[in-house]
Each structure stands twice: as C-alpha cells, then as structure tokens.
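To keep things clear, I will list the structure first and then write my remarks on it.
Numbering (the numbering used here), first residue to last: 9 to 304.
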C-alpha cells in the first residue's frame with residue numbers, strides 16, 4: 009500500500025507499507041529519490057509499478073518506488089486554478105497502445121478536462137466534461153482501463169483511457185435493496201473489479217460488479233455490518249475474503265466469513281518522527297517499469 013503521513017513539521021512523506029507474511033505487524037519504508045526524500049503532497053494514482061504524485065510545489069511526477077526512478081510530467085500548456093480542490097488528476101494504462109495517460113480535470117465556468125500521453129509526452133487540447141470531476145477526497149478508482157467517479161444514486165460516471173470518452177454505469181439495480189434517499193455511496197476498486205461501498209443508517213455493505221459493464225452482475229459480497237469508520241482499500245493478496253480497511257488513521261484486516269477484525273501494527277518509522285495521522289492513498293505492486301522508456 010501507499011500512504012502519506014503527517015509529522016510534527018507539517019510536511020508529508022510518501023511511504024510504502026509491506027505486510028511481511030499476510031499477518032500483523034507490517035513494515036513501513038520511506039521512499040528516497042537521489043539525495044533527499046520525495047516531499048510528496050499527494051499520491052494521485054498507481055499503475056503497473058508507477059506512481060503519479062504531486063510535490064509541495066504542485067509539480068507532477070511519475071515515480072517508481074522500487075527503482076527510485078523519477079520522471080517529471082510536463083506542465084500543462086494552460087493556466088490552472090490556484091485552488092487545490094478545483095484540480096484533480098487520474099492515472100491509467102492503455103494496454104493496446106502500451107501508453108500511460110493522465111486525466112486532468114479542473115473547474116472554470118464548467119468542468120474542463122485534458123489528457124496527457126506519456127508515449128507522446130504531450131497534453132491534448134482542453135474540452136468540456138459532462139460530469140463534475142473535482143477532487144472528491146476518495147481514492148482514485150481505475151478498473152478495466154476506466155476511471156470511475158460516483159455521479160448520483162442512479163449511476164457512476166466513467167472515463168475510458170482507451171477511447172478518451174465518458175460513459176455511465178447504471179445503478180438502478182439498487183432500487184430493490186437500498187433506500188437511496190438516505191444511502192451514502194463510495195466507488196472502490198476490489199482487486200480488478202469495480203465495487204460500491206454503501207452506508208445506510210450505520211450499516212455498511214459492499215457490492216462488486218463481477219463482469220465489468222454487465223448491469224446484472226452486481227453481487228453483494230460483504231452483507232455484514234462493518235465498523236463505522238472503515239472503508240475498503242483492497243483485498244489481501246492471495247485471498248478474496250480478507251479485506252484491508254482504512255479509517256480514523258488505522259488499518260485493519262477484516263475477514264468476511266468470520267467477521268473478524270485484526271489491527272495492523274505499523275512499524276519502521278524513524279524514531280524522530282511523531283506520527284499524527286496517515287492516510288492510505290493507493291495500492292502499489294513492485295515492478296521495474298520505467299516512464300523514461302517512452303522518451304527518446
């Protein structure tokens with residue numbers, strides 16, 4: 009997992025969390041690039057071993073935590089709003105063209121979008137988005153080469169990194185199971201599948217789309233009440249019944265069959281750090297992938 013944490017200097021670091029043997033405790037490793045830490049303000053996404061991150065100067069980088077390679081994404085050739093919440097980035101991979109893309113959205117009179125292609129090392133022209141893609145505060149959700157954002161109780165907005173077009177995923181099936189007038193939704197990625205985390209009156213459920221794009225393939229995989237502060241992050245590698253949850257500065261592993269919670273004890277922080285809080289910002293799988301292989 010990737011997470012940022014606040015320390016008493018009011019700065020943030022980018023770190024990786026490794027679970028040693030599918031059990032507690034887990035070990036943290038701080039990421040260094042060259043002679044200094046990567047002073048990361050925000051982790052924006054991760055794909056195939058590359059991490060999209062923003063530093064304290066709002067510069068965007070592609071980094072590989074395994075090889076410690078860093079690539080600066082060119083500044084967009086147009087002015088962006090100065091307000092953080094008005095600008096958001098999403099990161100995905102297109103297998104058919106072997107290309108990594110960044111979806112940039114920002115607020116003017118309307119929601120505007122532009123796409124950066126790593127293979128072409130360039131930004132495309134700005135166009136208007138039919139959806140509000142402002143920063144939601146949730147983890148980026150990229151499944152099946154699509155970025156997803158909750159739209160309303162009837163649909164999820166999706167952007168295809170392949171076609172660079174928007175579409176919607178219908179949620180009308182929930183009418184039979186959920187009182188939409190009081191439900192709270194969050195789109196999540198569960199393994200390679202699209203998930204929907206639903207809160208209704210203190211009860212929490214997790215639904216998964218087993219066959220992407222097929223409306224009747226939604227399945228409730230966790231019908232039991234979860235702790236009210238927890239939100240799904242991922243499934244434990246090698247298991248489809250152990251779920252990693254994050255909330256209130258803690259990480260726990262929840263077994264859906266036994267309804268059992270196990271706290272993850274994080275160790276490995278330098279002694280001089282007093283950790284006030286940390287937030288899981290994505291899933292990272294080690295690789296030797298290099299952003300620089302696209303640049304001739």
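All C-beta atoms in this analysis are idealised placements derived from N, C-alpha and C, irrespective of residue type, glycine included.
A contact between stretches requires three or more CB pairs, one per stretch, nearer than 8 angstroms, and the region 269-276 fails this requirement with the region 53-66.
When rounded, the separation of the alpha-carbon atoms in residue 262 and residue 33 is 15 angstroms. Excluding its 5 nearest sequence neighbours in each direction, residue 161 has C-beta neighbours in its own chain below 6 angstroms: 188, listed in chain order.
Minimum Cα-Cα distance from residue 80 among the listed residues 120, 119, 130 corresponds to 130. Exclusion of the five residues before and after residue 186 leaves 206, 208 as the residues of its chain whose Cβ lies within less than 7 angstroms of its Cβ. A buried status is given to residue 250, since no fewer than 16 other beta-carbon atoms sit within 10 Å of its beta-carbon. Under DSSP, residue 115 forms a beta bridge with 119.
For residue 168, the enclosing beta strand (DSSP E) covers residues 163-168.
Taking a C-beta distance under 8 angstroms as the contact criterion, residue 60 and residue 110 qualify as a contact pair.
When DSSP states are grouped into helix, strand and coil, residue 132 belongs to the coil group.
Residues of the same chain with a CB within less than 6 angstroms of the CB of residue 169, apart from the 5 flanking positions on each side, are 100, 102, 109, 153 in chain order. Relative to residue 126, the option among 254, 69, 156 whose CA is nearest is 69. The bridge partners DSSP lists for residue 174 are 167.
Look at residue 225 here: in three-state DSSP terms it is helix. Taking the CA atoms as reference points, residue 244 sits about 16 angstroms from residue 216.
Per the DSSP secondary-structure output, residue 254 pairs in a beta bridge with 239, 259.
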